[in-house]
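The sequence shown begins at 1230 in the numbering used here and counts up by one. Note that beta-carbon positions come from the ideal geometry of N, C-alpha and C, so glycine has one too. Notes follow the structure.
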Amino acid sequence: MHGVTGYRVVLQVFDEAGAHERQQAEQRFCRALESALGDADLVAPVYRQYQRLIQTYGEDPDPLALSDAERELLQAWQSAEAAALSAALGPQRYMGDAQFEIHLEPGPSR
């Protein structure tokens, strides 16, 4: 588990990855996510907004149904998450069934 202001990431793996490997993957995931979004403090609010979009429009929203701002947010999150997954699992291909869970810390939403 890796924690930063406003969120923490937990790697769920379904094989025998050790605690050290999990921790390293979580850290790579967080660093890449933060880098892609521009700052660690942006992860929680962007993720909250992304979750609201998914709740409103479903898992795979039609881009034409979204406003320009919603579309930009969706693309920013999806790009950041893809970069984070690639950074976290690139050298750890045996974690093929790995899943990263993002947990938001209690606090005001932005």
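query                                                                                                                                                                                          : result
What separation, rounded to the nearest whole angstrom, lies between the Cα atoms of Q1241 and Q1328?                                                                                          : 5 angstroms
Let me know if E1301 comes out buried or exposed under the rule of 16 or more other beta-carbons within 10 Å of its beta-carbon.                                                               : exposed
Please work out which residues of its chain come closer than 8 angstroms, Cβ to Cβ, to V1275, disregarding the five sequence neighbours upstream and downstream, and give them in chain order. : L1266, L1302, A1305, W1306, A1309
Judging by CA-CA distance, which residue of F1258, A1254, E1299 is the nearest neighbour of Q1280?                                                                                             : E1299
Which stretch, first to last residue, makes up the alpha helix (DSSP H) that contains V1275?                                                                                                   : 1269 to 1286
Starting from Q1328, follow its DSSP beta bridges and name the residues at the other end.                                                                                                      : Q1241
Among all the DSSP beta bridges, which residues are the ones paired with L1333?                                                                                                                : Y1236
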